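With the UniProt record's numbering applied, the sequence shown corresponds to residues 1 to 309, in that order.
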Amino acid sequence: TSAMTRFGSSNLRQQQQTAALYRFLGQHSISTELVNRVWHYLSDRKRMASQARTREEDVELVAVLPDSIKIELRYEMFMPTLVGHPFLREYSNLEPQAIRHICKSAVKEHTLSIREELFGDCVDVTHMVFVTDGMLTYSYPKNEEDKEGDWAQAQISKGQWACEAALWASSLSLVGPFVAATSCELLLVSVAEFIVVARRFPNTVGLIAEYAENFIGHAKEESKECRWTGSLCHSPEAIQDLVHKAVDDHMQMSFHQMGRDIDDGFHSGARQSFHSCGSTSSSGDTTSPRGTKKGSLWSMWTGKRRMVA
């Protein structure tokens, strides 16, 4: 009975909204051409919505599950997509708990109907985007100084990503929105939530900082001819090279720092654990030199340079 009541209420709301839209378009003397575009878009949207993948938020019973189960549920839902990105794959190997928390709190599902837009014109982007089904397009001027001239169009297909620069740059702006060329299923990774989670795992903060610097340099190089292409940069091969460099540089820096800390310990006469590589302060507090070094790199990362792309 309650289900029938909800169904009836839903139909009534739809009828009321349709009538309100008719009045709105008529009272504002909207042209017939634009009215047809509005109804055509809404018709497509309704048809696509009926075919869209069921999302977590659409299933009320998921909300009553304990957090431990929801974490594993979201991990199994999102992890196969995230590990398609070379850095997130490396990060998940090093910090499996961190990636679980990223899946739990930083990732959300998003559905676009055909021709629907993601991110408005020139807004600061707050999410990295993964396409799990369908295709997005992104249009930008071939000559960044002449927006009235010829425009190019990039496609982001299933298994690809965009707007990674939002994770590493102080801000990322677009010349226009991403537009769904087909109905699309997306995963959006929140920049703010990603940072919150990553900071809770200090052992890999330095690696993140190394990779962030590498990526920013790569994105600037890729967008030399047109700065608006910096929001793309999704070549798996190029990203894998950046990951390898970040890992190598991070390991060299860690070993160098560890050697300096051991030397300092011997010279000061202090005894220290080889396993923890800790140093003891005059107050007796034990701190991790690696954490200190990575903390400085983390500061460099969180003080990210502005990159408009």
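No residue lacks a Cβ here, since even glycine has one placed at the ideal position from N, Cα and C.
All figures in this text were calculated on a predicted structure; none of them were measured in a lab.
Q: Drop a sphere of 10 angstroms on the beta-carbon of T32, count the other beta-carbons inside from all chains shown, and report buried for 16 or more, exposed for fewer.
A: Within the sequence shown, the letter at position 32 stands for residue 32. Classified as exposed, T32 has fewer than 16 neighbouring CB atoms from the shown chains inside 10 Å of its CB.
(Q) Which complete alpha helix (DSSP H) runs does the segment 93-153 hold, if anything under 4 residues is left out? (A) Within the segment 93-153, the runs of alpha helix (DSSP H) at least 4 residues long that lie entirely inside it are, in chain order, 96-105.
Q: Return the first residue and the last residue of the beta strand (DSSP E) that L73 is part of.
A: Taking the first residue of the sequence shown as 1, we reach residue 73 at position 73. Run containing L73: none in the beta strand (DSSP E); it sits in the alpha helix (DSSP H), 67-82.
Q) Whole beta strand (DSSP E) runs in the segment 169-255 with 3 or more residues, listed along the chain? A) Annotation note: the segment 169-255 contains the following uninterrupted beta strand (DSSP E) runs of length 3 or greater, listed N- to C-terminal: 178-180, 184-190.
Q: Could you check the C-alpha separation between G159 and M77 for me, to the nearest Å?
A: For this step, residue 159 is matched to residue 159 along the sequence shown. For this step, residue 77 is matched to residue 77 along the sequence shown. Rounded to whole angstroms, the separation of the alpha carbons of M77 and G159 is 14 Å.
(Q) By alpha-carbon positions, which one of Q16, A198, S183, E225 ends up nearest to I156? (A) On the sequence shown, position 156 is the one that residue 156 refers to. For I156, the nearest C-alpha among the options comes from S183.
**Q.** Inter-residue spacing [alpha-carbon to alpha-carbon] between E213 and D67
**A.** By 1-based counting over the sequence shown, the position of residue 213 is 213. By 1-based counting over the sequence shown, the position of residue 67 is 67. Approximately 35 Å between the Cα atoms of the pair.
Q | Coil, strand or helix - Q17 by DSSP | A | Reading the sequence shown from its first residue, position 17 is the one you call residue 17. Correct three-state label for Q17: helix.
(Q) Would L167 and T81 qualify as a contact pair, given that the criterion is a beta-carbon distance under 7 Å? (A) Against the sequence shown, residue 167 aligns to sequence position 167. Against the sequence shown, residue 81 aligns to sequence position 81. Going by beta carbons, L167 and T81 fall outside the 7 Å limit.
Q.
For L94 and T204, what's the separation of their Cα atoms in angstroms?
A. Start at 1 with the first residue of the sequence shown, and residue 94 comes out as number 94. Start at 1 with the first residue of the sequence shown, and residue 204 comes out as number 204. Each residue's Cα considered, the two are about 8 Å apart.
Q: Report the residue from L34, H28, S43, I30 whose alpha carbon sits nearest the alpha carbon of Q14.
A: If you number the sequence shown from 1, residue 14 lands on position 14. Checking every option, the nearest Cα to that of Q14 belongs to S43.
**Q.** Rounded straight-line distance, which links the Cα of Q252 to that of E117
**A.** The sequence position of residue 117 within the sequence shown is 117, counting from 1. The sequence position of residue 252 within the sequence shown is 252, counting from 1. Each residue's Cα considered, the two are about 44 Å apart.
(Q) If contact is defined by three or more beta carbon pairs under 8 Å, each pair taking one atom from either stretch, is the segment 122-129 in contact with the segment 217-228? (A) Flag = no, the segment 217-228 and the segment 122-129 do not touch.
Q: Go ahead and label E164 buried or exposed: buried means 16 or more other beta carbons lie within 10 angstroms of its beta carbon, across all protein chains shown.
A: Numbered from 1 along the sequence shown, position 164 holds the residue referred to as residue 164. Residue burial is scored here from C-beta neighbours: E164 has at least 16 other C-beta atoms within 10 angstroms and is therefore classed as buried.
Q) Exposed or buried, which one is S235 when buried takes at least 16 other CB atoms within 10 Å? A) For this step, residue 235 is matched to residue 235 along the sequence shown. Answer is exposed; the Cβ neighbour count stays below 16.
Q. How many angstroms separate the CA atom of P177 from the CA atom of L112?
A. The residue you call residue 177 lines up with position 177 of the sequence shown. The residue you call residue 112 lines up with position 112 of the sequence shown. Cα-Cα distance, rounded: 13 Å.
Q) By Cβ distance below 6 Å, which residues in the same chain neighbour E210 in space, the five residues on each side in sequence not counted? A) By one-based count along the sequence shown, residue 210 stands at place 210. Cβ neighbours of E210 beyond the five flanking positions: A246, D249, H250.
Q) Near E221, which residues of its chain fall below 7 Å by C-beta distance, leaving aside the five closest residues on each side in sequence? A) Position 221 of the sequence shown holds residue 221. No residues qualify anywhere along the chain.
Q | At least three beta-carbon pairs within less than 8 Å, the segment 142-150 to the segment 100-107 | A | Contact fails: fewer than three Cβ-Cβ distances are below 8 Å.
Q | Residue burial classification, A162 (beta-carbon count within 10 angstroms, cutoff 16) | A | Here residue 162 corresponds to residue number 162 of the sequence shown, with the count starting at 1. Sixteen is the threshold: when 16 or more other Cβ atoms of the shown chains lie within 10 Å of the Cβ of A162, as they do, the residue is buried.
Q) Does the Cβ of G134 have 16 or more other Cβ atoms within 10 Å, making it buried, or fewer, making it exposed? A) The sequence position of residue 134 within the sequence shown is 134, counting from 1. With 16 or more Cβ atoms within 10 Å of its Cβ, G134 is classed as buried.
Q: Could you tell me which of G26, L242, S231, A19 sits nearest to S171, measuring between CA atoms?
A: Counting from 1 along the sequence shown, the entry for residue 171 is found at position 171. Nearest of G26, L242, S231, A19 to S171, Cα basis: S231.
(Q) Which residue wins for smallest C-alpha separation from L174, given the options E72, H244, F119? (A) In the sequence shown, residue 174 corresponds to position 174, counting from 1. For the residues E72, H244, F119, the minimum Cα distance to L174 belongs to F119.
Q. According to the neighbour-count rule (16 or more other Cβ atoms, all chains shown, within 10 Å of its Cβ), is P192 buried or exposed?
A. Counting from one through the sequence shown, the residue named residue 192 turns up at place 192. In the sequence under discussion, the amino acid at residue 192 is Ala, which differs from the Pro named in the question. Classification for A192: exposed.
Q: Could you tell me which of K142, I99, E237, I114 sits nearest to R199, measuring between CA atoms?
A: Here the question's residue 199 lines up with position 199 in the sequence shown. Among K142, I99, E237, I114, the Cα nearest to that of R199 is on I99.
Q) In this structure, does DSSP put S29 in helix, strand or coil? A) Start at 1 with the first residue of the sequence shown, and residue 29 comes out as number 29. S29: coil per DSSP, three-state reduction.
(Q) Only counting the same chain, and skipping five residues up and downstream in sequence, which positions put a Cβ closer than 7 Å to that of H101? (A) Translated into positions along the sequence shown, residue 101 becomes position 101. The answer, listed in chain order, is V197.
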